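Reviewing the structure listed below.
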């Protein structure tokens, strides 16, 4: 393809906008690593592959059922959302799993607005083997290009679901899942007992934290003790520390 006015090119370009992604239930995925994750772990979510002139697809990629389009470098840079394009972009279907909440381990994200933070939270949840990530009202789009890059393919490894967090909390309470909220007004985590291996952890907005109304629904509000002079820490860093604490203490309690 050589023209920016080509209908497919124009539709691909529109997928850079959240409202168009939501309308079409499609999104762009950029770079060899993320496309490889999509091809090998995502159950046919990939519909098209767009390659820059001169880029060669790896021979082991299973793309027999995927349309491949080679475009000029000018078109590719228009579609790319990175400072250094990596030569390949995928067009993917949004696949929202129908998840029934069971006794397990979950991360609930309330109003996180930075896409890099959200992607890192998803990747951190994946690293700890959580059962799902729930994104509440006010969260940045889970299919934002920077979110996807920061998640590094982890959104293909566990369910990432936009849902009302109060409804999620209500379901978890019925199942006896312990609920913890990250809060600067909470109790020092080192002085807090962990009830068992199943939990829901709520983390909140970078500036204001989780909403007071949501924190009021928690079994316990906890904070990370800090010896330095910083007032707070990055939400994804805090989530990693709290998840490690919940997992190690919860597993020890269940033995």
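Residue numbers (the numbering used here): 74 to 328.
Note that the Cβ used here is the ideal one computed from N, Cα and C, for glycine as well.
None of these values were measured; they are calculated from a predicted model.
- As far as DSSP is concerned, residue 246 takes part in no beta bridge.
- Within the same chain, 185, 213 and 220 come within 6 angstroms of residue 191 by CB-CB distance, once the 5 residues on both sides are set aside.
- The continuous alpha helix (DSSP H) containing residue 198 extends over residues 188-200.
- With the rule of 3 Cβ pairs closer than 8 angstroms, the region 217-237 does not count as touching the region 249-259.
- By the criterion of at least three beta-carbon pairs nearer than 8 angstroms, the region 226-244 is in contact with the region 204-211.
- Here the C-alpha atom of residue 173 lies approximately 10 angstroms from the C-alpha atom of residue 241.
- In the displayed model, residue 142 falls within a strand according to three-state DSSP.
- DSSP places residue 235 outside any alpha helix (DSSP H); the residue lies instead in the beta strand (DSSP E), whose first and last residues are 233-235.
- With contact defined as three or more Cβ pairs closer than 8 angstroms, the region 144-156 and the region 89-104 are in contact.
- Taking C-beta atoms under 8 angstroms as the contact rule, residue 312 and residue 203 fail to qualify, at a distance of about 10 angstroms.
- DSSP, reduced to helix, strand and coil, places residue 114 within a helical segment of the structure shown.
- Distances from the alpha-carbon of residue 299 to those of 308, 320 and 261 put 261 closest.
- When C-alpha distances from residue 108 are compared across 283, 318 and 135, the shortest belongs to 135.
- Between residue 228 and residue 195, the C-beta gap is smaller than 8 angstroms, which places the two residues in contact.
- Out of 117, 175, 283 and 295, the CA that lies nearest to the CA of residue 248 is found in 175.
- Here residue 123 is bridged, per DSSP, to 142 and 162.
- Checking the DSSP bridge columns, you'll see residue 205 partnered with 179.
- Each residue's CA atom was taken as its position, placing residue 193 and residue 126 some 32 angstroms apart.
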